[in-house]
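Q: I have a structure here, written as structure tokens, and I will follow up with some questions on it.
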Amino acid sequence: MLTGLQIAIIGGDARQLEVIRKLADLDAKISLIGFEQLDFAYSGVVKEKFKDVNFAEMDCVILPITGTNSEGKVELIFSNEEVILTEDVLSETPDYFTIYSGISNSYLDTLAKKTNKRLVKLFERDDVAIYNSIPTVEGTIMMAIQHTEFTIHGSTVMVLGLGRVGMSLARVFDHLGANVKVGARKSEHLARITEMGLTPFHLDQIDQEVKDIDICINTIPHLIVNASVIQKMPTHTLILDIASKPGGTDFRYAEKRGIKALLAPSLPGIVAPKSAGKILGNVLAQLIEEDVLKRKE
Ligand code: NAP
Numbered sequence: 265m266l267t268g269l270q271i272a273i274i275g276g277d278a279r280q281l282e283v284i285r286k287l288a289d290l291d292a293k294i295s296l297i298g299f300e301q302l303d304f305a306y307s308g309v310v311k312e313k314f315k316d317v318n319f320a321e322m323d324c325v326i327l328p329i330t331g332t333n334s335e336g337k338v339e340l341i342f343s344n345e346e347v348i349l350t351e352d353v354l355s356e357t358p359d360y361f362t363i364y365s366g367i368s369n370s371y372l373d374t375l376a377k378k379t380n381k382r383l384v385k386l387f388e389r390d391d392v393a394i395y396n397s398i399p400t401v402e403g404t405i406m407m408a409i410q411h412t413e414f415t416i417h418g419s420t421v422m423v424l425g426l427g428r429v430g431m432s433l434a435r436v437f438d439h440l441g442a443n444v445k446v447g448a449r450k451s452e453h454l455a456r457i458t459e460m461g462l463t464p465f466h467l468d469q470i471d472q473e474v475k476d477i478d479i480c481i482n483t484i485p486h487l488i489v490n491a492s493v494i495q496k497m498p499t500h501t502l503i504l505d506i507a508s509k510p511g512g513t514d515f516r517y518a519e520k521r522g523i524k525a526l527l528a529p530s531l532p533g534i535v536a537p538k539s540a541g542k543i544l545g546n547v548l549a550q551l552i553e554e555d556v557l558k559r560k561e
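Residue numbers for the sequence shown follow my numbering, beginning at 265 and rising by one.
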């Protein structure tokens, strides 16, 4: 239980509603910032303006998946308020104060370091990333269906990267009947792709491998689907780039060549906010409980 704990939740999309429910059920006191346009009433949960929050009494803050932008601004979907997380705000908080965010950037990393606060990046955890790959794959299938005139079954699908999302994508598209080839750079990844019964190729060979594909799904957050690669793809190829912004595709060149290329961020929040929110809510509840126990030791 989280009885007696004060948690600030700032911004975020529909996923955050499940997080709020989970933490409120565990008896935490929650200050919601950036939710005033949302009709949401829950016992133990109060909506507040950022300037009115007493951060000296807070145990932790939960930021949206994206954390802050490079100037510290927190994205608020359900509010017109402007929230900037600054050194002044964090310096009011107790020593044990923890910042929970999906991902981070240099602004947030530096801020946490300067103010000596613990920063937990939820999406760096394998458990969160693997659970989250489930709605991500479903969202990718939805986009593949929406943006092609052919079935996934029988088409040639290239998956780039065999990380936590790439592995789930490769397996599910294989199960849907696609001919799946997966590009990676580590020999253990190439071995795993072979073991999965899929076609492996080294990323050095990508120029040759794209010549017969129907769909290219990129999970590598670096420019990998560059102009030279796009130039060799069949013109009907659909590129779905699910790597974090700005993705790994030369979108300008794809457009020039008439190849449909889509950056597809936040798929779990779009296709399954409830399930994706539950994943985050469960992990956050566990982490916050562990943190409280550690403090009592
Ligand atoms: P991950 O487990 O870290 O996998 C990343 C993959 O990219 C690994 O196979 C890694 O290979 C490869 N890679 C990284 N840098 C590379 C480079 N310079 N050259 C070649 N390969 C490289 O990450 P993940 O959890 O699968 O997530 C993948 C991406 O999807 C991330 O950007 C994540 O933010 C994003 N994502 C998006 C959504 C969405 O809704 N759009 C949802 C979830 C995740 P090595 O092991 O060889 O480095």
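Beta carbons: idealized from backbone N, C-alpha and C, even for Gly.
It should be emphasised that the depicted structure is a prediction, and the values quoted were computed from it without experimental measurement.
(1) What is the residue span of the beta strand (DSSP E) that M422 lies within?
(2) Going by C-alpha distance, which of G512, L504, V423 and K538 is nearest I523?
(3) Pull up the DSSP beta-bridge partners for Q270, would you.
(4) Inspect the CB distances between the segment 536 to 548 and the segment 382 to 389 and report whether three or more fall short of 8 Å.
(5) Going along the chain, which unbroken runs of the alpha helix (DSSP H) with 4 or more residues stay wholly within the segment 510 to 556?
(6) Check whether the segment 362 to 373 touches the segment 320 to 332, counting contact only when three or more Cβ pairs, one atom from each stretch, lie closer than 8 Å.
(7) For L287 versus L266, is the C-beta distance shorter than 8 Å?
(8) Would DSSP call Y364 helix, strand or coil?
(9) Assuming I479 contacts L424 (C-beta within less than 8 Å), just tell me the rounded distance between them.
(10) Leaving aside the five residues before and after R435 along the sequence, list all residues of the same chain whose C-beta is less than 7 Å from its C-beta, in chain order.
(11) Starting from H466 and walking both ways along the alpha helix (DSSP H), at which residues does that stretch end?
(12) Does the distance from the C-beta atom of I274 to that of A292 stay below 8 Å?
A: Concretely, from the data shown:
(1) First-last of the beta strand (DSSP E) with M422: T420 to L424.
(2) L504
(3) K293
(4) yes
(5) Fully enclosed alpha helix (DSSP H) runs of 4 or longer: 515 to 521 and 531 to 535.
(6) yes
(7) yes
(8) strand
(9) No, I479 and L424 are not in contact; Cβ-Cβ is about 11 Å, not under 8 Å.
(10) M460
(11) Element bounds for H466: not the alpha helix (DSSP H) but the beta strand (DSSP E), T463 to H466.
(12) no
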